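If you're matching positions, the sequence shown starts at 24 in my numbering and goes up one per residue. Think of the CB as a built atom: it goes at the ideal place given N, C-alpha and C, for glycine as much as any other residue. In this text the structure is predicted, and so the values were computed from the model without any measurement. See below for the structure under consideration.
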Amino acid sequence: MSEKLTGIGVSPGVIAGPVARMAGPPALTGRSVLNVPEALSAVALQLRGRAAGEAEEILEAQIMMVEDPQLLEDAERLTAEGLDPARALDRAFSAHEKALLELGGYFAERAADVEDLRHRAVAAALGRPMPGLPEPGHPYILVADDLSPADTATLDSAVLAIVTRRGGPTSHTAILARARGIPAVVACPDAGLLADGDLVAVDGSLGSVRRGVTEREIDDIRDAFLATRARLRDGRGPGRTADGHAVPLMSNIGSAADPVGEEGVGLFRTEFLFLDRRTAPSLEEQEAAYAAVFSRGGKVVVRTLDAGTDKPLPFLGLAEEENPALGIRGLRVDRVLPEVLNTQLDAMVRAAAANPSAEVWVMAPMVTTWQEAAAFAARARARGVTRVGVMIEVPAAALMARELLEHVDFLSIGTNDLSQYTFAADRQHAGLADLLDPWQPALLRLVAACARAGLEMGKPVGVCGEAAGDPRLAPVLVGLGISSLSMSATSVPAVRESLAGVTLGQCRAAAAGVL
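Structure follows, in C-alpha coordinates:
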(Lines of atoms letter the chains of each structure in order from A; the text may use other names.)
(Lines give C-alpha, C1' and ligand atoms only; values in the text may rest on other atoms or scores of the structure.)
Protein backbone atom coordinates (compact mmCIF):
# COMPACT_ATOMS: atom_id res chain seq x y z
CA MET A 24 0.00 0.00 0.00
CA SER A 25 1.44 3.36 -1.01
CA GLU A 26 1.80 6.33 1.34
CA LYS A 27 2.25 9.94 0.26
CA LEU A 28 4.52 12.40 2.06
CA THR A 29 4.46 16.09 1.17
CA GLY A 30 7.01 18.88 1.17
CA ILE A 31 7.97 21.68 -1.20
CA GLY A 32 9.07 20.83 -4.71
CA VAL A 33 12.16 22.88 -5.60
CA SER A 34 13.61 21.09 -8.64
CA PRO A 35 11.22 19.60 -11.22
CA GLY A 36 11.07 16.04 -12.46
CA VAL A 37 9.55 12.70 -11.43
CA ILE A 38 11.87 9.79 -10.67
CA ALA A 39 11.74 6.65 -8.51
CA GLY A 40 14.18 4.33 -6.76
CA PRO A 41 15.39 2.97 -3.42
CA VAL A 42 16.15 5.26 -0.48
CA ALA A 43 19.67 5.71 0.90
CA ARG A 44 19.99 7.94 3.95
CA MET A 45 22.85 10.27 4.80
CA ALA A 46 25.04 8.98 7.62
CA GLY A 47 25.05 10.85 10.92
CA PRO A 48 27.96 12.84 12.36
CA PRO A 49 31.15 11.08 13.56
CA ALA A 50 31.17 9.80 17.13
CA LEU A 51 33.47 11.83 19.35
CA THR A 52 35.48 8.81 20.58
CA GLY A 53 39.14 7.86 20.45
CA ARG A 54 42.25 10.03 20.22
CA SER A 55 43.13 12.53 17.51
CA VAL A 56 45.74 11.76 14.86
CA LEU A 57 45.91 15.34 13.52
CA ASN A 58 46.38 18.58 15.43
CA VAL A 59 44.01 21.54 15.06
CA PRO A 60 45.76 23.34 12.15
CA GLU A 61 46.21 20.06 10.27
CA ALA A 62 42.55 19.10 10.64
CA LEU A 63 41.32 22.53 9.51
CA SER A 64 43.71 22.47 6.56
CA ALA A 65 42.38 19.03 5.56
CA VAL A 66 38.80 20.32 5.54
CA ALA A 67 39.73 23.43 3.52
CA LEU A 68 41.67 21.29 1.03
CA GLN A 69 38.70 18.96 0.55
CA LEU A 70 36.32 21.87 -0.02
CA ARG A 71 38.70 23.60 -2.46
CA GLY A 72 38.82 20.45 -4.55
CA ARG A 73 35.07 20.64 -5.01
CA ALA A 74 34.65 24.41 -5.51
CA ALA A 75 33.66 24.75 -9.16
CA GLY A 76 30.69 25.88 -11.21
CA GLU A 77 27.45 26.67 -9.40
CA ALA A 78 28.96 25.48 -6.08
CA GLU A 79 32.01 27.74 -6.19
CA GLU A 80 30.62 30.76 -4.38
CA ILE A 81 28.98 28.67 -1.67
CA LEU A 82 32.01 26.50 -0.97
CA GLU A 83 34.38 29.47 -0.99
CA ALA A 84 32.25 30.97 1.79
CA GLN A 85 32.62 27.73 3.76
CA ILE A 86 36.38 27.77 3.26
CA MET A 87 36.44 31.26 4.74
CA MET A 88 34.71 29.91 7.84
CA VAL A 89 37.25 27.08 8.20
CA GLU A 90 40.16 29.50 7.82
CA ASP A 91 38.76 32.05 10.28
CA PRO A 92 41.75 33.05 12.48
CA GLN A 93 39.47 33.42 15.50
CA LEU A 94 38.27 29.83 15.15
CA LEU A 95 41.87 28.58 14.99
CA GLU A 96 42.83 30.68 18.00
CA ASP A 97 39.88 29.41 20.05
CA ALA A 98 40.57 25.75 19.24
CA GLU A 99 44.31 26.00 19.92
CA ARG A 100 43.61 27.72 23.24
CA LEU A 101 41.44 24.77 24.22
CA THR A 102 44.16 22.29 23.28
CA ALA A 103 46.63 24.31 25.37
CA GLU A 104 44.22 23.81 28.25
CA GLY A 105 44.47 20.04 27.80
CA LEU A 106 41.65 19.14 25.40
CA ASP A 107 42.26 16.60 22.63
CA PRO A 108 42.26 18.38 19.19
CA ALA A 109 39.02 16.73 18.04
CA ARG A 110 37.21 17.81 21.19
CA ALA A 111 38.75 21.27 21.03
CA LEU A 112 37.50 21.67 17.48
CA ASP A 113 34.07 20.40 18.45
CA ARG A 114 33.81 22.94 21.24
CA ALA A 115 35.22 25.87 19.22
CA PHE A 116 32.90 25.25 16.27
CA SER A 117 29.94 24.81 18.63
CA ALA A 118 30.65 28.21 20.20
CA HIS A 119 30.74 29.85 16.77
CA GLU A 120 27.54 28.06 15.77
CA LYS A 121 25.79 29.29 18.92
CA ALA A 122 26.97 32.86 18.29
CA LEU A 123 25.54 32.80 14.76
CA LEU A 124 22.20 31.50 16.00
CA GLU A 125 22.03 34.28 18.58
CA LEU A 126 22.71 36.92 15.91
CA GLY A 127 19.70 35.70 13.95
CA GLY A 128 18.78 36.62 10.38
CA TYR A 129 21.29 35.76 7.70
CA PHE A 130 23.95 34.84 10.26
CA ALA A 131 21.64 32.21 11.73
CA GLU A 132 21.37 30.70 8.24
CA ARG A 133 25.09 29.94 8.37
CA ALA A 134 24.77 27.92 11.60
CA ALA A 135 23.91 24.72 9.70
CA ASP A 136 27.01 25.22 7.55
CA VAL A 137 29.15 25.60 10.67
CA GLU A 138 27.63 22.41 12.09
CA ASP A 139 28.65 20.53 8.94
CA LEU A 140 32.17 21.97 9.11
CA ARG A 141 32.38 20.92 12.77
CA HIS A 142 31.61 17.31 11.83
CA ARG A 143 34.18 17.39 9.02
CA ALA A 144 36.89 18.88 11.22
CA VAL A 145 36.27 16.36 14.02
CA ALA A 146 36.38 13.47 11.54
CA ALA A 147 39.63 14.79 10.04
CA ALA A 148 41.24 15.16 13.46
CA LEU A 149 40.26 11.59 14.39
CA GLY A 150 41.54 10.21 11.09
CA ARG A 151 38.10 9.06 9.97
CA PRO A 152 36.33 9.64 6.64
CA MET A 153 34.62 13.01 6.55
CA PRO A 154 30.81 12.96 6.42
CA GLY A 155 29.48 12.67 2.90
CA LEU A 156 27.09 10.95 0.56
CA PRO A 157 26.15 7.26 0.98
CA GLU A 158 27.63 4.77 -1.49
CA PRO A 159 25.11 1.91 -1.81
CA GLY A 160 26.56 0.77 -5.14
CA HIS A 161 23.42 1.55 -7.17
CA PRO A 162 21.31 4.62 -8.12
CA TYR A 163 19.32 5.91 -5.15
CA ILE A 164 17.03 8.56 -3.70
CA LEU A 165 19.09 10.60 -1.23
CA VAL A 166 17.23 11.31 2.02
CA ALA A 167 18.69 13.59 4.70
CA ASP A 168 17.77 15.96 7.46
CA ASP A 169 19.43 18.61 5.32
CA LEU A 170 22.38 18.82 2.94
CA SER A 171 25.40 21.02 3.44
CA PRO A 172 26.82 22.99 0.50
CA ALA A 173 29.76 20.57 0.43
CA ASP A 174 27.43 17.56 0.23
CA THR A 175 25.33 19.10 -2.52
CA ALA A 176 28.44 20.04 -4.48
CA THR A 177 29.51 16.38 -4.68
CA LEU A 178 26.24 14.96 -6.00
CA ASP A 179 26.85 12.58 -8.88
CA SER A 180 24.81 10.56 -11.35
CA ALA A 181 24.01 7.90 -8.72
CA VAL A 182 21.73 10.39 -6.94
CA LEU A 183 18.34 10.17 -8.65
CA ALA A 184 16.53 12.68 -6.42
CA ILE A 185 16.85 14.49 -3.09
CA VAL A 186 14.42 14.59 -0.16
CA THR A 187 15.23 16.64 2.95
CA ARG A 188 13.37 17.33 6.17
CA ARG A 189 14.63 20.91 6.33
CA GLY A 190 15.43 23.56 3.71
CA GLY A 191 13.37 25.93 1.61
CA PRO A 192 12.79 27.07 -2.00
CA THR A 193 15.91 29.28 -1.98
CA SER A 194 18.20 27.08 0.12
CA HIS A 195 21.59 25.91 -1.16
CA THR A 196 20.13 22.44 -1.68
CA ALA A 197 17.36 23.83 -3.88
CA ILE A 198 19.65 26.06 -5.93
CA LEU A 199 22.29 23.41 -6.60
CA ALA A 200 19.76 20.62 -7.24
CA ARG A 201 18.16 22.76 -9.93
CA ALA A 202 21.58 23.54 -11.38
CA ARG A 203 22.23 19.80 -11.76
CA GLY A 204 18.75 18.89 -12.97
CA ILE A 205 18.09 16.60 -9.98
CA PRO A 206 14.46 16.39 -8.79
CA ALA A 207 14.23 17.60 -5.20
CA VAL A 208 11.69 17.98 -2.39
CA VAL A 209 12.63 19.98 0.71
CA ALA A 210 10.83 20.88 3.95
CA CYS A 211 9.30 17.41 4.07
CA PRO A 212 8.59 16.92 7.80
CA ASP A 213 8.07 13.16 7.48
CA ALA A 214 11.33 12.51 5.62
CA GLY A 215 12.60 10.86 8.80
CA LEU A 216 10.07 8.05 8.26
CA LEU A 217 11.89 6.91 5.11
CA ALA A 218 14.31 4.04 5.71
CA ASP A 219 17.19 2.66 3.66
CA GLY A 220 15.82 0.49 0.87
CA ASP A 221 12.29 1.94 0.84
CA LEU A 222 11.04 2.23 -2.75
CA VAL A 223 9.73 5.74 -3.38
CA ALA A 224 8.68 8.01 -6.23
CA VAL A 225 9.71 11.67 -5.93
CA ASP A 226 7.88 14.49 -7.74
CA GLY A 227 10.08 17.57 -7.58
CA SER A 228 7.42 19.72 -9.22
CA LEU A 229 4.51 18.96 -6.91
CA GLY A 230 6.60 18.36 -3.79
CA SER A 231 5.40 14.83 -3.12
CA VAL A 232 7.15 11.61 -2.10
CA ARG A 233 5.19 8.37 -2.59
CA ARG A 234 6.37 5.41 -0.55
CA GLY A 235 5.46 1.85 -1.49
CA VAL A 236 5.94 1.90 -5.27
CA THR A 237 6.65 -1.40 -7.03
CA GLU A 238 9.74 -2.40 -9.03
CA ARG A 239 7.62 -2.27 -12.20
CA GLU A 240 6.51 1.27 -11.38
CA ILE A 241 10.11 2.30 -10.80
CA ASP A 242 11.09 1.08 -14.26
CA ASP A 243 8.16 2.86 -15.92
CA ILE A 244 8.82 6.12 -14.05
CA ARG A 245 12.53 6.05 -14.86
CA ASP A 246 11.86 5.36 -18.55
CA ALA A 247 9.48 8.33 -18.70
CA PHE A 248 12.00 10.55 -16.85
CA LEU A 249 14.85 9.65 -19.20
CA ALA A 250 12.65 10.16 -22.26
CA THR A 251 11.61 13.60 -21.01
CA ARG A 252 15.22 14.55 -20.25
CA ALA A 253 16.36 13.43 -23.72
CA ARG A 254 13.57 15.39 -25.40
CA LEU A 255 14.43 18.54 -23.44
CA ARG A 256 18.14 18.13 -24.08
CA ASP A 257 17.55 18.00 -27.83
CA GLY A 258 15.40 21.14 -27.78
CA ARG A 259 16.92 24.28 -29.26
CA GLY A 260 15.99 27.82 -30.14
CA PRO A 261 14.92 30.98 -28.36
CA GLY A 262 12.22 31.17 -25.72
CA ARG A 263 8.78 32.01 -27.10
CA THR A 264 5.14 31.16 -26.59
CA ALA A 265 3.10 29.02 -28.99
CA ASP A 266 1.91 32.14 -30.82
CA GLY A 267 5.42 33.57 -31.20
CA HIS A 268 5.71 36.00 -28.26
CA ALA A 269 9.46 36.21 -27.54
CA VAL A 270 10.67 35.57 -23.97
CA PRO A 271 14.48 35.43 -23.82
CA LEU A 272 15.66 32.62 -21.53
CA MET A 273 19.05 33.45 -20.09
CA SER A 274 21.49 31.95 -17.60
CA ASN A 275 22.55 32.79 -14.04
CA ILE A 276 26.31 32.37 -13.62
CA GLY A 277 29.03 33.06 -11.06
CA SER A 278 32.09 32.85 -13.31
CA ALA A 279 33.28 32.12 -16.84
CA ALA A 280 33.36 28.41 -15.95
CA ASP A 281 29.56 28.17 -15.65
CA PRO A 282 27.46 26.97 -18.60
CA VAL A 283 25.46 29.52 -20.58
CA GLY A 284 22.39 28.98 -22.74
CA GLU A 285 21.72 30.29 -26.23
CA GLU A 286 20.31 33.67 -25.22
CA GLY A 287 23.04 35.01 -22.98
CA VAL A 288 23.55 35.77 -19.30
CA GLY A 289 20.73 37.33 -17.29
CA LEU A 290 22.63 37.41 -13.98
CA PHE A 291 26.41 37.45 -13.65
CA ARG A 292 27.14 37.36 -9.91
CA THR A 293 30.49 39.05 -9.38
CA GLU A 294 30.97 37.98 -5.74
CA PHE A 295 33.10 34.96 -6.70
CA LEU A 296 36.07 37.25 -7.31
CA PHE A 297 35.80 38.86 -3.88
CA LEU A 298 35.25 35.80 -1.67
CA ASP A 299 38.04 34.53 0.57
CA ARG A 300 40.00 37.79 0.15
CA ARG A 301 41.82 39.82 2.76
CA THR A 302 42.44 42.60 0.23
CA ALA A 303 40.29 43.88 -2.61
CA PRO A 304 41.01 42.48 -6.10
CA SER A 305 42.81 45.02 -8.27
CA LEU A 306 41.31 46.83 -11.24
CA GLU A 307 43.36 44.64 -13.59
CA GLU A 308 42.34 41.42 -11.86
CA GLN A 309 38.66 42.35 -12.05
CA GLU A 310 38.97 43.40 -15.69
CA ALA A 311 40.46 40.01 -16.62
CA ALA A 312 37.69 38.10 -14.81
CA TYR A 313 34.92 40.11 -16.46
CA ALA A 314 36.58 39.87 -19.87
CA ALA A 315 36.58 36.06 -19.59
CA VAL A 316 32.77 36.19 -19.42
CA PHE A 317 32.31 38.97 -21.99
CA SER A 318 34.54 37.17 -24.52
CA ARG A 319 31.67 34.77 -25.23
CA GLY A 320 29.74 37.64 -26.78
CA GLY A 321 26.01 38.21 -26.53
CA LYS A 322 24.04 39.84 -23.75
CA VAL A 323 25.51 39.80 -20.24
CA VAL A 324 23.67 41.39 -17.32
CA VAL A 325 26.23 42.03 -14.58
CA ARG A 326 25.29 42.54 -10.94
CA THR A 327 27.65 44.74 -8.99
CA LEU A 328 29.01 43.41 -5.73
CA ASP A 329 26.27 41.96 -3.53
CA ALA A 330 28.15 41.86 -0.22
CA GLY A 331 27.08 41.75 3.38
CA THR A 332 24.95 39.45 5.58
CA ASP A 333 25.38 35.92 4.13
CA LYS A 334 28.31 37.07 1.98
CA PRO A 335 30.67 38.65 4.52
CA LEU A 336 33.84 39.87 2.81
CA PRO A 337 36.74 40.44 5.22
CA PHE A 338 38.50 43.07 3.12
CA LEU A 339 35.49 45.38 3.40
CA GLY A 340 35.94 45.68 7.15
CA LEU A 341 32.23 46.25 7.73
CA ALA A 342 31.13 46.64 11.32
CA GLU A 343 29.04 43.94 12.98
CA GLU A 344 25.33 44.68 12.97
CA GLU A 345 22.48 43.60 15.21
CA ASN A 346 20.25 42.89 12.22
CA PRO A 347 22.55 42.44 9.21
CA ALA A 348 19.80 41.44 6.76
CA LEU A 349 18.43 44.96 7.19
CA GLY A 350 21.80 46.70 7.28
CA ILE A 351 24.76 47.48 5.05
CA ARG A 352 24.48 45.08 2.13
CA GLY A 353 24.40 45.25 -1.66
CA LEU A 354 24.50 48.81 -2.98
CA ARG A 355 24.44 50.12 0.59
CA VAL A 356 28.12 49.17 0.91
CA ASP A 357 28.73 52.17 -1.34
CA ARG A 358 27.62 54.44 1.50
CA VAL A 359 30.78 53.59 3.42
CA LEU A 360 33.20 52.36 0.72
CA PRO A 361 32.49 54.18 -2.57
CA GLU A 362 35.80 53.20 -4.16
CA VAL A 363 34.78 49.53 -4.27
CA LEU A 364 31.98 50.31 -6.73
CA ASN A 365 34.08 52.80 -8.69
CA THR A 366 36.79 50.22 -9.32
CA GLN A 367 34.26 47.57 -10.25
CA LEU A 368 32.48 49.82 -12.76
CA ASP A 369 35.78 50.87 -14.33
CA ALA A 370 36.85 47.24 -14.69
CA MET A 371 33.54 46.32 -16.34
CA VAL A 372 33.75 49.21 -18.81
CA ARG A 373 37.32 48.33 -19.77
CA ALA A 374 36.46 44.65 -20.20
CA ALA A 375 33.41 45.52 -22.30
CA ALA A 376 35.45 47.84 -24.55
CA ALA A 377 37.88 45.00 -25.22
CA ASN A 378 35.02 42.64 -26.15
CA PRO A 379 32.68 44.57 -28.49
CA SER A 380 30.69 41.42 -29.34
CA ALA A 381 29.29 41.49 -25.79
CA GLU A 382 26.21 43.56 -24.94
CA VAL A 383 26.94 44.49 -21.34
CA TRP A 384 24.17 45.66 -19.00
CA VAL A 385 25.03 46.57 -15.39
CA MET A 386 22.66 46.53 -12.40
CA ALA A 387 22.94 47.25 -8.69
CA PRO A 388 21.53 44.98 -5.94
CA MET A 389 19.49 45.99 -2.89
CA VAL A 390 18.14 49.26 -4.27
CA THR A 391 15.29 50.67 -2.18
CA THR A 392 14.45 54.21 -3.37
CA TRP A 393 14.37 56.11 -6.64
CA GLN A 394 17.08 58.37 -5.26
CA GLU A 395 19.41 55.39 -4.91
CA ALA A 396 18.54 54.26 -8.44
CA ALA A 397 19.14 57.72 -9.85
CA ALA A 398 22.47 58.11 -8.08
CA PHE A 399 23.69 54.70 -9.23
CA ALA A 400 22.59 55.34 -12.81
CA ALA A 401 24.33 58.72 -12.94
CA ARG A 402 27.49 57.25 -11.47
CA ALA A 403 27.55 54.25 -13.81
CA ARG A 404 26.86 56.32 -16.93
CA ALA A 405 29.52 58.84 -15.99
CA ARG A 406 32.05 56.00 -15.92
CA GLY A 407 30.97 54.67 -19.32
CA VAL A 408 28.21 52.11 -18.69
CA THR A 409 25.61 52.32 -21.47
CA ARG A 410 22.76 50.16 -20.09
CA VAL A 411 22.05 50.67 -16.40
CA GLY A 412 19.49 48.87 -14.24
CA VAL A 413 18.65 47.92 -10.68
CA MET A 414 17.40 44.83 -8.91
CA ILE A 415 14.02 44.67 -7.22
CA GLU A 416 14.56 42.79 -3.97
CA VAL A 417 12.54 44.75 -1.41
CA PRO A 418 8.83 45.66 -1.50
CA ALA A 419 9.59 49.40 -1.35
CA ALA A 420 11.41 49.20 -4.69
CA ALA A 421 8.63 47.13 -6.27
CA LEU A 422 6.00 49.65 -5.19
CA MET A 423 8.07 52.47 -6.73
CA ALA A 424 9.02 50.59 -9.89
CA ARG A 425 7.72 53.29 -12.23
CA GLU A 426 9.72 56.00 -10.47
CA LEU A 427 12.85 53.83 -10.59
CA LEU A 428 12.37 53.30 -14.33
CA GLU A 429 12.40 57.06 -14.86
CA HIS A 430 16.12 56.86 -14.06
CA VAL A 431 17.27 53.41 -15.22
CA ASP A 432 16.98 51.34 -18.40
CA PHE A 433 15.70 48.08 -16.94
CA LEU A 434 14.67 46.18 -13.81
CA SER A 435 15.56 42.65 -12.74
CA ILE A 436 13.49 41.02 -10.00
CA GLY A 437 15.34 38.85 -7.50
CA THR A 438 12.44 36.75 -6.22
CA ASN A 439 14.56 35.04 -3.53
CA ASP A 440 15.18 38.18 -1.49
CA LEU A 441 11.90 39.78 -2.51
CA SER A 442 10.08 36.81 -0.94
CA GLN A 443 12.15 37.06 2.21
CA TYR A 444 11.51 40.75 2.73
CA THR A 445 7.86 40.62 1.68
CA PHE A 446 6.96 37.87 4.15
CA ALA A 447 9.53 38.68 6.86
CA ALA A 448 10.59 35.03 6.57
CA ASP A 449 14.17 33.78 6.73
CA ARG A 450 15.17 32.24 3.39
CA GLN A 451 16.69 29.19 5.10
CA HIS A 452 13.99 28.62 7.73
CA ALA A 453 12.37 25.26 6.97
CA GLY A 454 9.42 26.01 9.22
CA LEU A 455 8.54 29.04 7.10
CA ALA A 456 9.16 27.49 3.70
CA ASP A 457 5.50 27.83 2.70
CA LEU A 458 5.80 31.62 3.01
CA LEU A 459 8.72 31.57 0.59
CA ASP A 460 6.79 29.66 -2.05
CA PRO A 461 7.06 31.77 -5.25
CA TRP A 462 3.37 31.09 -5.93
CA GLN A 463 2.37 33.32 -3.00
CA PRO A 464 -0.10 35.89 -4.41
CA ALA A 465 1.46 38.80 -2.51
CA LEU A 466 4.82 38.16 -4.16
CA LEU A 467 3.23 37.81 -7.59
CA ARG A 468 1.33 41.08 -7.12
CA LEU A 469 4.65 42.85 -6.54
CA VAL A 470 6.07 41.18 -9.64
CA ALA A 471 2.99 42.28 -11.57
CA ALA A 472 3.41 45.88 -10.38
CA CYS A 473 6.98 45.93 -11.68
CA ALA A 474 6.01 44.36 -15.01
CA ARG A 475 3.15 46.84 -15.44
CA ALA A 476 5.53 49.74 -14.83
CA GLY A 477 7.91 48.33 -17.43
CA LEU A 478 5.13 48.06 -20.02
CA GLU A 479 4.02 51.63 -19.30
CA MET A 480 7.56 52.98 -19.61
CA GLY A 481 8.54 50.77 -22.55
CA LYS A 482 11.45 49.26 -20.62
CA PRO A 483 12.28 45.58 -19.94
CA VAL A 484 11.59 43.91 -16.61
CA GLY A 485 13.05 40.45 -16.09
CA VAL A 486 13.13 37.86 -13.30
CA CYS A 487 16.46 36.36 -12.26
CA GLY A 488 15.45 34.69 -8.99
CA GLU A 489 14.95 30.95 -8.60
CA ALA A 490 11.27 31.32 -9.55
CA ALA A 491 12.32 31.97 -13.16
CA GLY A 492 13.44 28.35 -13.55
CA ASP A 493 10.09 26.82 -12.57
CA PRO A 494 8.47 25.53 -15.80
CA ARG A 495 5.00 25.72 -14.23
CA LEU A 496 5.43 29.29 -12.99
CA ALA A 497 7.18 30.66 -16.09
CA PRO A 498 3.94 31.09 -18.13
CA VAL A 499 2.40 32.94 -15.18
CA LEU A 500 5.37 35.34 -15.01
CA VAL A 501 5.10 35.95 -18.75
CA GLY A 502 1.37 36.55 -18.34
CA LEU A 503 2.12 39.18 -15.70
CA GLY A 504 4.21 41.04 -18.28
CA ILE A 505 7.73 39.86 -17.47
CA SER A 506 9.93 40.28 -20.55
CA SER A 507 12.76 37.81 -19.83
CA LEU A 508 13.67 34.98 -17.47
CA SER A 509 17.11 34.06 -16.17
CA MET A 510 17.92 30.76 -14.45
CA SER A 511 20.44 27.94 -14.14
CA ALA A 512 21.36 26.74 -17.61
CA THR A 513 19.97 23.27 -16.86
CA SER A 514 16.51 24.75 -16.21
CA VAL A 515 16.24 26.44 -19.62
CA PRO A 516 15.04 23.43 -21.69
CA ALA A 517 12.04 22.67 -19.45
CA VAL A 518 11.02 26.33 -19.30
CA ARG A 519 11.40 26.65 -23.09
CA GLU A 520 9.12 23.65 -23.63
CA SER A 521 6.59 24.94 -21.10
CA LEU A 522 6.28 28.32 -22.81
CA ALA A 523 6.12 26.75 -26.27
CA GLY A 524 3.00 24.87 -25.21
CA VAL A 525 0.88 27.93 -24.36
CA THR A 526 -0.19 31.15 -26.06
CA LEU A 527 0.37 34.61 -24.62
CA GLY A 528 -3.38 34.81 -24.02
CA GLN A 529 -3.28 31.63 -21.97
CA CYS A 530 -0.33 33.00 -19.99
CA ARG A 531 -2.32 36.14 -19.19
CA ALA A 532 -5.37 34.12 -18.18
CA ALA A 533 -3.23 31.97 -15.88
CA ALA A 534 -1.68 35.08 -14.33
CA ALA A 535 -5.08 36.60 -13.67
CA GLY A 536 -6.24 33.38 -12.04
CA VAL A 537 -3.19 33.15 -9.80
CA LEU A 538 -3.57 36.74 -8.62
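Starting from residue i, follow the beta strand (DSSP E) in both directions and report where the run begins and ends.
{"i": "S34", "result": "31-34"}
{"i": "E382", "result": "381-387"}
{"i": "S228", "result": "Note, S228: premise wrong, no beta strand (DSSP E); not H, not E."}
{"i": "G321", "result": "321-326"}
List the DSSP bridge partners of residue i.
{"i": "S485", "result": "The question names Ser, but residue 485 is Gly in the sequence shown. In the DSSP output, where bridge partners are listed per residue, G485 has S435, S507."}
{"i": "N275", "result": "L290"}
{"i": "G40", "result": "V223"}
{"i": "L165", "result": "A43, I185"}
{"i": "V209", "result": "I31"}
Can you name the start and end residues of the alpha helix (DSSP H) that residue i belongs to?
{"i": "V270", "result": "Counting along the chain, V270 falls outside any alpha helix (DSSP H), and DSSP gives it neither H nor E."}
{"i": "M414", "result": "No alpha helix (DSSP H) holds M414; the beta strand (DSSP E) holding it covers 410-415."}
{"i": "A576", "result": "Not covered by the structure: residue 576. The range shown for the chain is 24 to 538."}
{"i": "E96", "result": "92-103"}
{"i": "D139", "result": "134-149"}
So residue i and residue j are in contact, right, with Cβ under 8 Å, and what is the actual spacing, rounded?
{"i": "L140", "j": "V66", "result": "6 Å"}
{"i": "A265", "j": "A523", "result": "6 Å"}
{"i": "G36", "j": "G227", "result": "5 Å"}
{"i": "P182", "j": "V42", "result": "Here residue 182 is Val; the residue named in the question, Pro, does not match the sequence. Not a contact, Cβ separation roughly 12 Å."}
{"i": "V316", "j": "A375", "result": "Actually they are not in contact, since the Cβ atoms of V316 and A375 sit about 10 Å apart, beyond 8 Å."}
{"i": "A421", "j": "A472", "result": "6 Å"}
{"i": "A200", "j": "S34", "result": "4 Å"}
{"i": "P5", "j": "P192", "result": "One cannot answer for residue 5 here, as it falls past the ends of the chain, which runs 24 to 538."}
{"i": "R256", "j": "P516", "result": "6 Å"}
{"i": "L149", "j": "G215", "result": "At roughly 27 Å, the Cβ-Cβ gap does not stay under 8 Å, so L149 and G215 are not in contact."}
{"i": "A84", "j": "D97", "result": "So it is not a contact: roughly 20 Å between Cβ atoms."}
In this structure, how does DSSP classify residue i when only helix, strand and coil are distinguished?
{"i": "E26", "result": "strand"}
{"i": "L255", "result": "helix"}
{"i": "T264", "result": "coil"}
{"i": "P516", "result": "helix"}
{"i": "I198", "result": "helix"}
{"i": "A315", "result": "helix"}
{"i": "A401", "result": "helix"}
{"i": "V499", "result": "helix"}
{"i": "P21", "result": "With the chain covering 24 to 538 only, the question about residue 21 has no answer from this structure."}
{"i": "P304", "result": "coil"}
{"i": "S55", "result": "coil"}
{"i": "E344", "result": "coil"}
{"i": "H430", "result": "coil"}
{"i": "P418", "result": "helix"}
{"i": "T366", "result": "helix"}
{"i": "H452", "result": "coil"}
{"i": "F297", "result": "coil"}
{"i": "G284", "result": "coil"}
{"i": "M480", "result": "helix"}
{"i": "V89", "result": "helix"}
{"i": "M371", "result": "helix"}
{"i": "I351", "result": "coil"}
{"i": "R73", "result": "coil"}
If the criterion is Cβ atoms closer than 9 Å, does the pair residue i and residue j meet it?
{"i": "P498", "j": "S521", "result": "yes"}
{"i": "V411", "j": "V390", "result": "no"}
{"i": "I505", "j": "I436", "result": "yes"}
{"i": "T187", "j": "A210", "result": "yes"}
{"i": "S230", "j": "E79", "result": "The residue asked about is misnamed: residue 230 is Gly in this sequence, not Ser. Going by C-beta atoms, G230 is not nearer than 9 Å to E79."}
{"i": "E530", "j": "G488", "result": "First, the amino acid is wrong: residue 530 is Cys here, not Glu. Contact flag unset, no."}
{"i": "L441", "j": "L469", "result": "yes"}
{"i": "L427", "j": "W393", "result": "yes"}
{"i": "V324", "j": "M273", "result": "yes"}
{"i": "L123", "j": "V137", "result": "yes"}
{"i": "G40", "j": "V223", "result": "yes"}
{"i": "V484", "j": "A424", "result": "yes"}
{"i": "E285", "j": "R263", "result": "no"}
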